[in-house]
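Visitor: Got a structure here, written out as structure tokens. Questions coming.
Protein chains: 2
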Amino acid sequence: MAADRRPELVVGVDYGTLSGRAVVVRVEDGAELGSATHEYPHGVLDRQLPDGTPLGPDWALQVPADYIDVLRIAVPAALEAAAADPAQVIAIGTDFTACTMVPTTEDGTPLNEVEGNAGEPHAYVKLWKHHAAQPQADRINALAAKRGEAWLPRYGGLISSEWEFAKGLQLLEESPEIYRATAHWVEAADWIVWQLCGRYVRNACTAGYKGIFQDGTYPTRDFLAELHPDFAGFVDDLLQPVSGQLGTPAGRLTEQAAAWTGLPAGIVVAVGNVDAHVTAPAAQSTEAGQMLAIMGTSTCHIMNGGVLREVPGMCGVVDGGVTPGLWGYEAGQSGVGDIFNWFVTNAVPASYAEEAAARGLDVHELLTEKAAAQAVGEHGLLALDWHSGNRSVLVDHELSGLILGLTLSTRPEEIYRALIEATAFGTRVIVEAFEGSGVPVTEFVAAGGLLKNALLMQIYADVLDMPISVIRSEQGPALGSAIHAAVAAGAYPDIHAASAAMGGVERGAYHPDPARAAAYDVLFAEYRKLHDYFGRGTNDVMRRLRAIRREAHAGGAV
Amino acid sequence: MAADRRPELVVGVDYGTLSGRAVVVRVEDGAELGSATHEYPHGVLDRQLPDGTPLGPDWALQVPADYIDVLRIAVPAALEAAAADPAQVIAIGTDFTACTMVPTTEDGTPLNEVEGNAGEPHAYVKLWKHHAAQPQADRINALAAKRGEAWLPRYGGLISSEWEFAKGLQLLEESPEIYRATAHWVEAADWIVWQLCGRYVRNACTAGYKGIFQDGTYPTRDFLAELHPDFAGFVDDLLQPVSGQLGTPAGRLTEQAAAWTGLPAGIVVAVGNVDAHVTAPAAQSTEAGQMLAIMGTSTCHIMNGGVLREVPGMCGVVDGGVTPGLWGYEAGQSGVGDIFNWFVTNAVPASYAEEAAARGLDVHELLTEKAAAQAVGEHGLLALDWHSGNRSVLVDHELSGLILGLTLSTRPEEIYRALIEATAFGTRVIVEAFEGSGVPVTEFVAAGGLLKNALLMQIYADVLDMPISVIRSEQGPALGSAIHAAVAAGAYPDIHAASAAMGGVERGAYHPDPARAAAYDVLFAEYRKLHDYFGRGTNDVMRRLRAIRREAHAGGAV
Numbered sequence: 064m065a066a067d068r069r070p071e072l073v074v075g076v077d078y079g080t081l082s083g084r085a086v087v088v089r090v091e092d093g094a095e096l097g098s099a100t101h102e103y104p105h106g107v108l109d110r111q112l113p114d115g116t117p118l119g120p121d122w123a124l125q126v127p128a129d130y131i132d133v134l135r136i137a138v139p140a141a142l143e144a145a146a147a148d149p150a151q152v153i154a155i156g157t158d159f160t161a162c163t164m165v166p167t168t169e170d171g172t173p174l175n176e177v178e179g180n181a182g183e184p185h186a187y188v189k190l191w192k193h194h195a196a197q198p199q200a201d202r203i204n205a206l207a208a209k210r211g212e213a214w215l216p217r218y219g220g221l222i223s224s225e226w227e228f229a230k231g232l233q234l235l236e237e238s239p240e241i242y243r244a245t246a247h248w249v250e251a252a253d254w255i256v257w258q259l260c261g262r263y264v265r266n267a268c269t270a271g272y273k274g275i276f277q278d279g280t281y282p283t284r285d286f287l288a289e290l291h292p293d294f295a296g297f298v299d300d301l302l303q304p305v306s307g308q309l310g311t312p313a314g315r316l317t318e319q320a321a322a323w324t325g326l327p328a329g330i331v332v333a334v335g336n337v338d339a340h341v342t343a344p345a346a347q348s349t350e351a352g353q354m355l356a357i358m359g360t361s362t363c364h365i366m367n368g369g370v371l372r373e374v375p376g377m378c379g380v381v382d383g384g385v386t387p388g389l390w391g392y393e394a395g396q397s398g399v400g401d402i403f404n405w406f407v408t409n410a411v412p413a414s415y416a417e418e419a420a421a422r423g424l425d426v427h428e429l430l431t432e433k434a435a436a437q438a439v440g441e442h443g444l445l446a447l448d449w450h451s452g453n454r455s456v457l458v459d460h461e462l463s464g465l466i467l468g469l470t471l472s473t474r475p476e477e478i479y480r481a482l483i484e485a486t487a488f489g490t491r492v493i494v495e496a497f498e499g500s501g502v503p504v505t506e507f508v509a510a511g512g513l514l515k516n517a518l519l520m521q522i523y524a525d526v527l528d529m530p531i532s533v534i535r536s537e538q539g540p541a542l543g544s545a546i547h548a549a550v551a552a553g554a555y556p557d558i559h560a561a562s563a564a565m566g567g568v569e570r571g572a573y574h575p576d577p578a579r580a581a582a583y584d585v586l587f588a589e590y591r592k593l594h595d596y597f598g599r600g601t602n603d604v605m606r607r608l609r610a611i612r613r614e615a616h617a618g619g620a621v
Numbered sequence: 064m065a066a067d068r069r070p071e072l073v074v075g076v077d078y079g080t081l082s083g084r085a086v087v088v089r090v091e092d093g094a095e096l097g098s099a100t101h102e103y104p105h106g107v108l109d110r111q112l113p114d115g116t117p118l119g120p121d122w123a124l125q126v127p128a129d130y131i132d133v134l135r136i137a138v139p140a141a142l143e144a145a146a147a148d149p150a151q152v153i154a155i156g157t158d159f160t161a162c163t164m165v166p167t168t169e170d171g172t173p174l175n176e177v178e179g180n181a182g183e184p185h186a187y188v189k190l191w192k193h194h195a196a197q198p199q200a201d202r203i204n205a206l207a208a209k210r211g212e213a214w215l216p217r218y219g220g221l222i223s224s225e226w227e228f229a230k231g232l233q234l235l236e237e238s239p240e241i242y243r244a245t246a247h248w249v250e251a252a253d254w255i256v257w258q259l260c261g262r263y264v265r266n267a268c269t270a271g272y273k274g275i276f277q278d279g280t281y282p283t284r285d286f287l288a289e290l291h292p293d294f295a296g297f298v299d300d301l302l303q304p305v306s307g308q309l310g311t312p313a314g315r316l317t318e319q320a321a322a323w324t325g326l327p328a329g330i331v332v333a334v335g336n337v338d339a340h341v342t343a344p345a346a347q348s349t350e351a352g353q354m355l356a357i358m359g360t361s362t363c364h365i366m367n368g369g370v371l372r373e374v375p376g377m378c379g380v381v382d383g384g385v386t387p388g389l390w391g392y393e394a395g396q397s398g399v400g401d402i403f404n405w406f407v408t409n410a411v412p413a414s415y416a417e418e419a420a421a422r423g424l425d426v427h428e429l430l431t432e433k434a435a436a437q438a439v440g441e442h443g444l445l446a447l448d449w450h451s452g453n454r455s456v457l458v459d460h461e462l463s464g465l466i467l468g469l470t471l472s473t474r475p476e477e478i479y480r481a482l483i484e485a486t487a488f489g490t491r492v493i494v495e496a497f498e499g500s501g502v503p504v505t506e507f508v509a510a511g512g513l514l515k516n517a518l519l520m521q522i523y524a525d526v527l528d529m530p531i532s533v534i535r536s537e538q539g540p541a542l543g544s545a546i547h548a549a550v551a552a553g554a555y556p557d558i559h560a561a562s563a564a565m566g567g568v569e570r571g572a573y574h575p576d577p578a579r580a581a582a583y584d585v586l587f588a589e590y591r592k593l594h595d596y597f598g599r600g601t602n603d604v605m606r607r608l609r610a611i612r613r614e615a616h617a618g619g620a621v
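Going line by line, the protein sequences match chains A and B. Numbering-wise, the first sequence is residues 64 to 621 according to my numbering. Numbering-wise, the second sequence is residues 64 to 621 according to my numbering.
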């Protein structure tokens, strides 16, 4: 039949911080035939709820219905862009930001959609960059250290305020009613799969990296009770047993999801995954020592290693957390592109906006062009890239951004460059932490939206003093999800075979310049000194200012 | 005769950083009858000379012809605004920024006006905020400390890079040709008087505070030779003996200056003075313990004291340096309004400019309004106000600005408020240095352009936990110059009598709020900690970044 000769397709859907992207991919060779993006109508709620209810500092929420909109709008648009017949599609795979948590009823209805909850902040999705649970994370860490919990070293010695337990404890302590109304505390990665196939399948990746699931178990009831008596049942009552391995089917597309997406009911829905981890096979970077950095609003570092080592300040290490048979390491930087966007939105004067508009550039492009004209150190600035806290290696979201060296002649492009450099220094701290712990980084591979900034990539190569390889795809996570969908549908025997056929990478796309690398060594030493002074307890001024800020927002100030 | 019954007038001319202001004042009661301002056509040269010759970092030059323009344009305009008959004017007085240095020929011609010198940076006026002579200042300080020079403690233990000797040594070392061509190294305060009366009269105020003239002598030839063999004759050859006491006549208005100004030739020209010091009688703040802060682009603190004490990091103490019979102390902050202006020019987005324009506000007013809505500490920020270096108490222009506590939700008005607070903390450091040295500050009196910002004034009152008195005049330095002119012309027996009749102040215009003062105590402790960490040698990163920046600008970087 003619239909049989048309190529098989898979759909990957990547849920990012501000939008969801669907891509239609040819199973045979990974060709991306069409894609579409849908911005979340509500974006990130960090000042107030849709009804105007104000939010405290460091909050970041989302609206789950926005995720469904991506299925309804971006998936059909991608199919149309690909000129694809939906009947060709054999499977759909998804990935999500993490740790992003949805409190739901028994049937998976998000609590913010339950009548009477629209004005209750805790009923909404807590986005990965919701950083208001640091006090809870501090207590989890202190108690785990005191008790010598075996899982703690698997997370570099520190559990993040971004993760399931800290956010869950904050929920319990700040809104016991919503906590009691929560039947499931669901990773958004699993919630979207639940919406697609009608089954709640907890994926091994988020459970391992964000849910403290190690060696087959969660933290004990005893540990939880010591945190808070009412938290004792958190695992038993609110978390799902782990049932979904990466690259396997979670179920089949429901009639309702078929109606949303225009895809055939009954096709394979792959187990959920994390946007960073899912990208490794898309970048053909699954060998031990290949560190993949997915550089966007934040940066995630994903690397397989042949050995289990306790890397101080890493996000986590999970057996098979990226691909089977290797130890999957994760590290990250909470704010990268977010910092540049914050700067452009809040700190670049009208004259730059006008010049950019007149020349048909966006402001980032204009600042990058001007910054590229500077020699290393010419701006005299040094920044700490902690505007969104520090995920690795300090694991502290009470930290904050710093810029130093400002003079009356400092210009916006100089600060912009210093911010780029600060994020590169932050990456170097992570690379050195792995290497210092016996997990060598043999190759640095970059993916994500920041790839388009060649200056930034060159600065990273110079600061790291390493060549940088670059993913071929411009939509790595979505392609990675599609690759996982192909494996789940049985089109390839395993993820490695699928990666080889469908992924792609340009090796050594950027090379360090020896003179610039040497100049950056000097500046990195200064960065490291400030990093340790402010980040390791010598001067906890950032934490104290956060506390004062919280008190002021709570109405306790004058 | 009818003419005799018209009131006697004096003209005061205040030379600021960006413009000169003339005011016509009634001798009898200090009434300001008319004024006019003229902006210097060339402003501050900090990137390049008028012919495009590039300048290094930390340079700040001016063009002397701009000063003459003020005489030609602002003085006649002020007379016209006052509806004054020039025949009523009995004297003219002037004040100037300091230390601002003009290299001249034997007859006072600025070297930049000598043929062939238009492209030579060192031939121009070095403005007070020219901060490129820090290496020279460092050597002067080290040598003076080593030799135990008696004058060093009179300057708080440190000579500033802003002053005559550091700038002169930089001139010698970087441009020996221009140094050799310099017949006189003239304070602009004296240069303008020279243009008015045709005589070079060196005033005691700048000589004492900026020229290391103490107890009747300058630093020795021996000391100078040890700095640099060719510098041995700096005092003997380039500096004028001190001949002009404050409030005395320097000479009579020349025909040429009469033609420029429209004033009668032959009227009294008062000895030159510094913009800050000249203001004290205008603010009726000449008693011991009354600290007058002239708050504009920078802030100068002027205070008479009954005793001679060595205050660490003060700018200087000069016997009769402000008014006769008391020890005149000076301290200062190199950047205050300059920092706010830098911020508005370089770091406030288009949306704010648009909102301000739509509401008929300037951007400062809009930011102030938004900042006023914040509680103390609500922004979570802390800044160091060293964008233009630190004049007191660290006396180090290699220091630089810092902001800390930045988050992805930080808004421009929050940074703006943090910058205001940082300058208030800087003032408090100075007040505490005086008090800790046995020179009590009994009253804080404010003058200058920043008075118009009521939020800023209230923040200062809260941070200092002191009431703030406010000068009556909106043009304090120009009024102060007029008062000195009246004394020089013999209209009053001394400066105190003239001050009582012609000056004015509102006592206790701002009062601290106890709760806010207590909240600021906490933040000030954090400021002090960072101040000492970065400013007193624990981490000299700011100095190192400056050195790297200089090297990069000099072409030594990559």
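Idealized CB from N, CA, C, for every residue including glycine. Please read all numbers here as calculations on a predicted model, not as lab measurements.
Going by the CB atoms, is the gap between B/Val-604 and A/Leu-467 shorter than 8 angstroms?
Guide: For the purposes of this step, residue 467 of chain A is taken as the residue at position 404 of the first sequence. For the purposes of this step, residue 604 of chain B is taken as the residue at position 541 of the second sequence. Yes, the pair counts as a contact, with Cβ atoms nearer than the cut-off.
Visitor: Assuming the contact rule is C-beta atoms closer than 8 angstroms, B/Val-256 and B/Ala-313 should be a hit. Round their C-beta distance to whole Å, please.
Guide: Position 193 of the second sequence holds residue 256 of chain B. Position 250 of the second sequence holds residue 313 of chain B. Approximately 5 angstroms separates the beta-carbon atoms of B/Val-256 and B/Ala-313; this is inside 8 angstroms, confirming the contact.
Visitor: Restricting to runs no shorter than 4 residues, where is the alpha helix (DSSP H) found entirely within the segment 295-357 of chain A?
Guide: 318-324
Visitor: Grab the span of the alpha helix (DSSP H) containing B/His-547 for me, first residue to last.
Guide: In the second sequence, residue 547 of chain B corresponds to position 484, counting from 1. Counting along the chain, the alpha helix (DSSP H) containing B/His-547 begins and ends at 539-551.
Visitor: From what residue to what residue does the alpha helix (DSSP H) around A/Ile-131 run?
Guide: On the first sequence, residue 131 of chain A is found 68 positions in, with the first residue counted as 1. Its alpha helix (DSSP H) spans residues 127-132.
Visitor: At least one CB of chain B closer than 8 angstroms to the CB of A/Trp-405: is that the case?
Guide: For the purposes of this step, residue 405 of chain A is taken as the residue at position 342 of the first sequence. Interface criterion met: the Cβ of A/Trp-405 is under 8 angstroms from a Cβ in chain B.
Visitor: Going by alpha carbons, who is nearest to A/Thr-116 out of A/Asn-180, A/Ala-195, A/Ala-99, A/Lys-189?
Guide: What you label residue 116 of chain A is simply residue 53 of the first sequence in a count that begins at 1. Among A/Asn-180, A/Ala-195, A/Ala-99, A/Lys-189, the Cα nearest to that of A/Thr-116 belongs to A/Asn-180.
Visitor: With the cut-off set at 8 angstroms, would you say B/Gln-44 and B/Ser-238 are in Cβ contact?
Guide: The structure shown does not extend to residue 44 of chain B, since chain B is modelled only from 64 to 621, so the question has no answer here.
Visitor: So, is the C-beta of B/His-101 closer than 8 angstroms to a C-beta in chain A?
Guide: One-based indexing of the second sequence puts residue 101 of chain B at position 38. So no, B/His-101 is outside the interface.
Visitor: Tell me the DSSP secondary structure of A/Ser-361 in three-state form.
Guide: One-based indexing of the first sequence puts residue 361 of chain A at position 298. Coil, per DSSP.
Visitor: Under 8 angstroms between the Cβ atoms of B/Thr-349 and B/His-547?
Guide: Along the second sequence, one-based indexing puts residue 349 of chain B at 286. Along the second sequence, one-based indexing puts residue 547 of chain B at 484. No, these two residues do not count as a Cβ contact at 8 angstroms.
Visitor: Which of the three DSSP states is assigned to B/Ala-65 in this structure?
Guide: Within the second sequence, numbered from 1, the residue matching residue 65 of chain B stands at position 2. The predicted position of B/Ala-65 is uncertain, since its pLDDT is 43 and thus under 50; a value taken from the coordinates is nonetheless stated next. B/Ala-65 falls in the helix class under three-state DSSP.
Visitor: Strictly below 8 angstroms CB to CB, what residues from chain B border A/Met-605?
Guide: Locating residue 605 of chain A in the first sequence gives position 542, counting from the first residue. Under the 8 angstroms cutoff, chain B gives Leu-467, Gly-468.
Visitor: Hey, which unbroken runs of the alpha helix (DSSP H) at 4 residues or more fall wholly within the segment 418-494 of chain A?
Guide: 426-435
Visitor: To the nearest angstrom, report how far apart B/Asp-401 and B/Asp-557 are at their CA atoms.
Guide: Here residue 401 of chain B is taken as the residue at index 338 of the second sequence, counted from 1. Here residue 557 of chain B is taken as the residue at index 494 of the second sequence, counted from 1. Going by the C-alpha atoms only, they are around 35 angstroms apart.
Visitor: Considering only residues of the same chain and omitting the five flanking positions on each side of B/Ile-357, which have a CB-CB separation below 6 angstroms?
Guide: Within the second sequence, residue 357 of chain B is the residue found at index 294, counting from 1. Cβ within range, chain order: Ala-339, Thr-342, Cys-363, Ala-510, Gly-511.
Visitor: Give a yes or no on whether the C-beta atoms belonging to B/Ile-241 and B/Leu-232 are separated by under 8 angstroms.
Guide: On the second sequence, position 178 is the one that residue 241 of chain B refers to. On the second sequence, position 169 is the one that residue 232 of chain B refers to. No, these two residues do not count as a Cβ contact at 8 angstroms.
Visitor: Rounding to the nearest angstrom, what Cα-Cα distance links B/Asp-425 and B/Phe-159 in this structure?
Guide: If you number the second sequence from 1, residue 425 of chain B lands on position 362. If you number the second sequence from 1, residue 159 of chain B lands on position 96. Rounded to the nearest angstrom, the two C-alpha atoms are 28 angstroms apart.
Visitor: Roughly how many angstroms separate the alpha carbons of A/Leu-608 and B/Phe-488, rounded to a whole number?
Guide: Translated into positions along the first sequence, residue 608 of chain A becomes position 545. Translated into positions along the second sequence, residue 488 of chain B becomes position 425. In a straight line, the C-alpha of A/Leu-608 is about 16 angstroms away from that of B/Phe-488.
Visitor: With distances taken from CA atoms, which of A/Asp-77, A/Glu-212, A/Thr-163 is nearest A/Thr-157?
Guide: Here residue 157 of chain A refers to the residue found at position 94 when the first sequence is read from its first residue. When each option's Cα is compared against that of A/Thr-157, the closest is A/Asp-77.
Visitor: Within 8 angstroms of any Cβ in chain B, is that where the Cβ of A/Val-492 sits?
Guide: Locating residue 492 of chain A in the first sequence gives position 429, where the first residue counts as 1. Answer no: the Cβ-Cβ gap between A/Val-492 and chain B never drops below 8 angstroms.
Visitor: What does the alpha-carbon distance come out to for the pair B/Val-439 and B/Arg-591?
Guide: Translated into positions along the second sequence, residue 439 of chain B becomes position 376. Translated into positions along the second sequence, residue 591 of chain B becomes position 528. Spanning the two alpha carbons is a distance of roughly 17 angstroms.
Visitor: Using the three-state DSSP reduction, which class does A/Asn-204 fall into: helix, strand or coil?
Guide: Locating residue 204 of chain A in the first sequence gives position 141, counting from the first residue. Three-state DSSP puts A/Asn-204 in a helix.
Visitor: Buried or exposed, going by whether 16 or more other CB atoms sit within 10 Å of the CB of B/Met-64?
Guide: Numbered from its first residue, the second sequence carries residue 64 of chain B at position 1. For B/Met-64, the predicted structure reports a pLDDT of 40, less than 50, and the residue's modelled location is therefore unreliable. A value from the coordinates is still provided. Exposed, since its Cβ has fewer than 16 Cβ neighbours within 10 Å.
Visitor: What residues in the segment 108-140 of chain B bring their beta carbon closer than 8 angstroms to a beta carbon of chain A?
Guide: Asp-109, Arg-110, Pro-120, Asp-121
Visitor: Is it buried or exposed, B/Val-456, if we count other Cβ atoms within 10 angstroms and call 16 or more buried?
Guide: Taking the second sequence and counting its residues from 1, the one referred to as residue 456 of chain B is at position 393. Buried.
Visitor: Is B/Leu-608 close to chain A? Criterion is C-beta to C-beta, closer than 8 angstroms.
Guide: As a working note, residue 608 of chain B is residue 545 in the second sequence. Yes, B/Leu-608 lies at the interface with chain A (some Cβ there is under 8 angstroms from its Cβ).
Visitor: Kindly list the residues whose CB is nearer than 6 angstroms to the CB of B/Gly-274, restricted to its own chain and excluding five residues on each side of it in sequence; keep chain order.
Guide: On the second sequence, residue 274 of chain B is found 211 positions in, with the first residue counted as 1. Result list for B/Gly-274: Glu-227, in chain order.
Visitor: Excluding the five sequence neighbours on either side, which residues of its own chain have a C-beta within less than 7 angstroms of the C-beta of A/Trp-248, listed in chain order?
Guide: Within the first sequence, residue 248 of chain A is the residue found at index 185, counting from 1. Same-chain partners within the cutoff: Met-164, Pro-166, Glu-227, Gly-231, Leu-301, Leu-302.
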